[in-house]
Amino acid sequence: MDICKPDDPHVGPSTLQIPPEALEQARENLQSLLHKTDDAWIRVVLPFIYDLVNVVLKEDPQRRKRLADKDLFLSNVQHKGENQVFETLRKIVKNNSWEELLEDDIFLKQPDTEIHEQEHRPFSAAAEGAWETDFKGNAAEVLLTTISNSLRKERGNIYARHASIVNSSGTGKSRMVDQMALEIITVPMCLRADGSRGYPPPDQHLRDWLSGTTDRVLVEKKVEAFIYSLLTILLEHLKRIKENNQPMKAFGKSKAGETDVDVIQRQKFLAHAFRTNMSEGQSFKASNQYRQSFYDAVIDEANKFIKRSATEGRHGRAQMPPKPKSPRLSSPAELVEQAGRELCQFIDPQGLLDSDHGSRRPLVILAFDEAHTLTYVPKDKSWTVFTELCRTLQRLVDRPIFSLFLSTAGKLSPEILEDPSNRIAHHELKILDPITEISFDDIAHPADEGQVLLEQVVELDWMSHLGRPLFGSYYDRLKDEQAVLHFAKNKLLIGQSTLDASNAPGVLACLSVRFGLEFNEDVFSSRVARTQVERHMRLCIGATTGFERLVTLAGSEPFLAEAAYELMRFIPDTPVRCLASHSDLNCVDRGRRGELVAALIIMQARDAAVLSARARRVSVCEFIQALLPDLAYEELSKSTPRFWLEGEDRLSFIKTFEHHSMWFNHVIKIERSRLIHVESLWRFITRGAMIICTHCQYGVDIVLPVVCDMTKPLSRDNMSAILIQVKNDESYGPNIDKTLFDHLNPFELGLFSKGQSKPVIRVVFALASDEVGVTFPPARTLVHHSDTFTTFDIWCAGISARTFKQIDERNLASYQFLLERSLQPHDAFNLQGSDDPYLDEGAKVARGHQRRRMAALTMSAS
1 MDICKPDDPH VGPSTLQIPP EALEQARENL QSLLHKTDDA WIRVVLPFIY
51 DLVNVVLKED PQRRKRLADK DLFLSNVQHK GENQVFETLR KIVKNNSWEE
101 LLEDDIFLKQ PDTEIHEQEH RPFSAAAEGA WETDFKGNAA EVLLTTISNS
151 LRKERGNIYA RHASIVNSSG TGKSRMVDQM ALEIITVPMC LRADGSRGYP
201 PPDQHLRDWL SGTTDRVLVE KKVEAFIYSL LTILLEHLKR IKENNQPMKA
251 FGKSKAGETD VDVIQRQKFL AHAFRTNMSE GQSFKASNQY RQSFYDAVID
301 EANKFIKRSA TEGRHGRAQM PPKPKSPRLS SPAELVEQAG RELCQFIDPQ
351 GLLDSDHGSR RPLVILAFDE AHTLTYVPKD KSWTVFTELC RTLQRLVDRP
401 IFSLFLSTAG KLSPEILEDP SNRIAHHELK ILDPITEISF DDIAHPADEG
451 QVLLEQVVEL DWMSHLGRPL FGSYYDRLKD EQAVLHFAKN KLLIGQSTLD
501 ASNAPGVLAC LSVRFGLEFN EDVFSSRVAR TQVERHMRLC IGATTGFERL
551 VTLAGSEPFL AEAAYELMRF IPDTPVRCLA SHSDLNCVDR GRRGELVAAL
601 IIMQARDAAV LSARARRVSV CEFIQALLPD LAYEELSKST PRFWLEGEDR
651 LSFIKTFEHH SMWFNHVIKI ERSRLIHVES LWRFITRGAM IICTHCQYGV
701 DIVLPVVCDM TKPLSRDNMS AILIQVKNDE SYGPNIDKTL FDHLNPFELG
751 LFSKGQSKPV IRVVFALASD EVGVTFPPAR TLVHHSDTFT TFDIWCAGIS
801 ARTFKQIDER NLASYQFLLE RSLQPHDAFN LQGSDDPYLD EGAKVARGHQ
851 RRRMAALTMS AS
């Protein structure tokens with residue numbers, strides 16, 4: 001998508017039509033927000049910059065209709081280049097030229113985005129429909145278990161009973177909470193910013209009321225009033241539900257013989273009814289009337305609460321005439337405690353669920369969706385609406401009331417950690433770790449052994465249902481595979497459907513999805529990983545409070561991998577060149593065996609074979625033909641096996657693998673060697689994955705699953721493999737070392753059990769060899785009765801066009817660079833990861849040379 005130039009006829013320079021007072025307010029707000037201008041801070045506050053600018057640009061009739069939503073704004077930033085945008089912002093701050101920012105085209109739709117808007121309408125309907133389908137999987141049950149455990153009374157040093165649910169887009173966080181709302185009374189609050197698409201729709205009035213001030217005293221009062229009124233109004237609505245429903249009246253007042261089962265049944269009934277009231281009839285654009293009225297009542301009561309508090313503070317409580325039903329406690333904090341106590345007593349009058357030991361069932365959940373909108377930090381302040389909200393929730397720490405903060409952004413947990421409370425700072429009170437468990441594979445099509453064909457698993461329908469539920473649920477509603485694939489590209493690139501090589505985060509996202517890239521554990525690498533989770537669909541597996549420890553993963557999602565493959569097809573650089581020149585390469589785990597380089601070589605051959613065959617599934621012969629140079633493949637195709645099973649005919653390579661097929665578009669790194677056994681190997685075909693083995697795996701580094709007969713169902717009896725060992729050691733040259741092939745024995749590796757043997761291909765990648773080429777160990781000329789399997793063996797020495805067909809002069813240097821890098825445990829010797837803008841190349845070389853001397857005898861100091 002092209003960014004508008006300054007001479008764009010739609011919006012030219014100095015054409016703002018905004019009232020002076022609105023401009024002045026925008027200047028003040030932006031100046032407050034950008035009190036720091038380092039890259040890390042700007043990256044954090046970009047969404048808030050959008051919010052502030054979006055508000056003021058709505059005053060301009062010329063721009064109002066062309067305002068980009070938040071996803072498109074972030075996409076425009078990526079397209080223009082983060083570095084360029086950040087430098088522009090720094091210049092604007094330095095020169096105090098805020099109108100220049102307001103005129104920037106990154107906040108606007110481009111002329112072709114009207115088509116984008118029309119394309120999005122079917123997805124709005126799909127989102128509404130998907131929300132009403134039956135929930136699958138046990139993610140909601142796991143969430144309830146996690147919350148119940150977090151409510152244990154033994155956790156006596158907990159700051160407050162709340163936690164963030166953090167993971168990437170489309171992982172079903174909101175839907176999971178909504179499913180739990182059928183069992184636990186849940187108050188859903190969506191605080192999504194204007195212009196940011198998503199479902200369910202935002203509660204705009206509530207969001208604007210909560211975030212409408214930067215005065216801490218007023219914010220503190222508003223938050224206390226809000227929690228009090230929320231619990232109070234909720235209690236009123238629950239009482240109304242009870243009075244208006246005959247089944248509930250049967251419970252009547254609590255009977256002496258009531259059991260915990262009775263309480264749970266009452267809670268479930270109330271939860272289901274309240275959930276129905278709050279969600280029935282909502283649309284992509286707006287919540288229903290009941291929900292809007294509910295929050296109008298909450299805000300109205302909160303405003304009255306603030307007014308009463310202010311009056312009492314000025315005149316003294318003794319001078320205030322008592323009002324019917326008006327609070328009579330001495331402080332807002334006590335009123336919050338009272339409201340929580342009364343709500344819990346209504347649901348569980350005798351406290352039968354309030355266990356003193358073990359897990360404790362929550363009675364009420366307060367769910368704040370898109371909660372990162374509350375994390376705006378006023379200038380020179382150490383607080384946010386979010387931290388003030390958490391402080392108020394601390395008053396409910398003893399009650400079985402739990403709060404959830406949902407977000408794709410990784411900002412929530414650090415915000416909790418930065419709460420200025422002394423007791424948190426001194427670790428007297430603990431914060432609950434983020435919750436990262438989400439729905440995955442829960443709507444996948446059944447994949448039972450012996451029931452699925454290869455032709456089924458290569459279809460987009462099949463792929464879309466694996467992984468996160470977003471794409472499969474949309475596919476079921478739209479039945480338009482290209483539209484959903486286009487949507488996946490947009491999600492991967494936060495709004496764009498084409499990839500530009502200058503879009504570094506987008507390129508990294510595509511590479512990560514396909515090659516299972518892992519990030520290092522240093523602070524800078526964690527920041528890159530967090531950005532990939534927040535904006536580019538990477539999964540967060542686990543995290544501690546403050547993200548002191550963060551575990552992320554490029555999940556096995558063949559649909560996303562297919563989107564990434566298509567995106568990278570149309571950029572001039574190959575994947576290896578993109579990775580070798582990437583600005584965040586120093587954050588990527590290098591793969592000490594050279595397995596990442598080998599995976600790049602294999603995937604490039606696979607991509608070439610797919611293009612040639614015009615099908616996602618390719619034959620083994622088509623893949624090997626794309627992998628090896630023409631002369632080497634010609635020799636192999638006519639050859640007979642090196643070893644062959646007694647009783648089998650010695651057929652040529654082409655005849656042996658005539659019906660064998662392959663399908664993969666991404667990498668899975670396994671942790672257990674037994675997974676390469678054929679009883680599990682067929683499952684990797686259903687996901688379209690090649691396998692990189694664990695570091696301690698004996699003999700084999702990469703396994704490419706092979707289907708022996710594509711007309712037969714996938715099963716252990718229909719599987720074989722290409723077994724690859726990767727060597728990044730100069731001692732392995734062009735001469736064949738037969739012991740390496742001995743280590744690739746399919747029985748010793750655990751590929752086959754006795755009697756299961758199928759023909760295999762064994763390959764050694766001696767990547768560090770100075771001499772290059774492909775050779776084949778000579779085949780036996782006589783029958784050898786001890787041969788237990790049939791194999792064709794290939795020795796690939798060095799990195800060259802004479803070794804691998806897809807390597808040419810354009811990408812040779814990139815392969816060599818990545819291979820050399822895999823031998824180094826870090827990038828400290830070349831200082832390329834330095835963020836010092838004044839460190840020139842000469843200084844980097846000199847300092848790197850001296851650092852190598854300090855690592856004596858580990859590598860050459862020259």
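So in full-length UniProt numbering, spot 295 of the sequence shown is number 295, and the numbers just go up one at a time.
Think of the CB as a built atom: it goes at the ideal place given N, C-alpha and C, for glycine as much as any other residue.
query = Does DSSP put Gly340 in a helix, a strand or coil?
reply = helix
key: Exposed unless 16 or more other CB atoms sit within 10 angstroms - verdict on His849   = exposed
Contact under 8 angstroms by Cβ, Val457 with Ile685 = yes
The stretch 764–779 touching the stretch 560–580, judged by at least three CB pairs closer than 8 angstroms = no
query = Looking at C-alpha atoms only, which residue of Glu99, Leu366 and Leu353 is the closest neighbour of Thr259?
reply = Leu353
inquiry  = Please return the same chain residues whose Cβ sits closer than 7 angstroms to the Cβ of Phe829, not counting the five positions on each side in sequence.
reply    = Gly848, Arg851 and Arg852
task = Please work out which residues of its chain come closer than 7 angstroms, Cβ to Cβ, to Pro19, disregarding the five sequence neighbours upstream and downstream, and give them in chain order.
result = Glu59
task = May I have a chain-ordered list of the alpha helix (DSSP H) segments no shorter than 4 residues that lie completely inside the stretch 544–606?
result = 558–569 and 575–580
task = Answer yes if the stretch 640–649 comes into contact with the stretch 666–675, meaning at least three C-beta pairs across the two stretches below 8 angstroms, and no otherwise.
result = no
request  = Measure the C-alpha to C-alpha separation of Thr25 and Glu132 and round it to an integer number of angstroms.
outcome  = It is Gln, not Thr, that sits at residue 25 in the sequence shown. Computed Cα separation, rounded: 42 angstroms.
task = With a threshold of 16 other CB atoms inside 10 Å of the CB of His357, please say whether the residue is buried or exposed.
result = exposed
query = Mind checking whether the beta-carbon of Arg395 lies closer than 7 angstroms to any heavy atom of the ligand FMN?
reply = The ligand content of the structure shown is nil, which means the ligand FMN is not present either.
ask   = When you compare each of Gly257, Gly170 and His660 to residue 872 by their alpha carbons, which one comes out closest?
value = Summary: the structure shown does not reach residue 872, with the chain confined to residues 1 through 862, and so no result is reported for it.
key: For Cys390, three-class secondary structure by DSSP   = helix
task = Enumerate in chain order the residues of its own chain whose CB-to-CB distance from Val219 is below 7 angstroms, with the five nearest sequence positions on each side excluded.
result = Thr213, Val385 and Glu388
Contained beta strand (DSSP E) runs [length at least 3] in the stretch 775–813, N- to C-terminal order = 791–797
task = Spatial neighbours of Ile347 within its chain, please: CB distance less than 8 angstroms, with the 5 preceding and 5 following residues excluded, ordered by chain position.
result = Ile185, Leu238, Val263, Arg266, Gln267, Leu270, Leu363 and Val364
inquiry  = In this structure, how does DSSP classify Ser720 when only helix, strand and coil are distinguished?
reply    = strand
message = Whole angstroms are fine: how far does the CA of Ile624 sit from the CA of Glu634?
response = 10 angstroms
Element boundaries [alpha helix (DSSP H), containing Ile49] = Asp39 to Leu57
message = At the level of alpha carbons, what is the spacing between Ala163 and Leu744?
response = 48 angstroms
key: Distance, Ser502 Cα to Leu393 Cα   = 44 angstroms
Beta carbon of Lys727 nearer than 8 angstroms to that of Val703 = no
key: N-terminal and C-terminal residue of the beta strand (DSSP E) that Cys708 is part of   = Note, Cys708: premise wrong, no beta strand (DSSP E); not H, not E.
request  = Note down, one range per segment and in chain order, each alpha helix (DSSP H) of at least 4 residues found wholly within the stretch 417–483.
outcome  = 422–425, 454–457, 460–464 and 469–478
request  = Look up Phe135 in the DSSP assignment and say whether it is helix, strand or coil.
outcome  = coil
ask   = Can you name the residues that DSSP bridges to residue 873?
value = The structure shown does not extend to residue 873, since the chain spans only 1 to 862, so no value can be given for it.
task = Go ahead and pull the three-state DSSP assignment for Leu102.
result = helix
key: Secondary structure, alpha helix (DSSP H): runs of 4+ residues fully inside the stretch 511–535   = 523–535
ask   = Going along the chain, which residues of its own chain have a beta-carbon closer than 6 angstroms to the beta-carbon of Ser639, five neighbours each way excluded?
value = Phe653
inquiry  = Quick check on this structure: which residue in Leu560, Leu366, Cys344 and Ala139 has the alpha carbon closest to the alpha carbon of Cys190?
reply    = Leu366
query = Nearest CA to the CA of Asn96: which residue from Ala40, Trp41 and Gln31?
reply = Gln31
ask   = CB Tyr295 to CB Leu206, shorter than 8 angstroms?
value = yes
task = To the nearest angstrom, report how far apart Ile158 and Ile676 are at their CA atoms.
result = 44 angstroms
key: Local conformation of Val507 per DSSP, three classes   = helix
inquiry  = Let me confirm a value: Arg821 is counted as buried when at least 16 other C-beta atoms fall within 10 Å, else exposed. Which label applies?
reply    = buried
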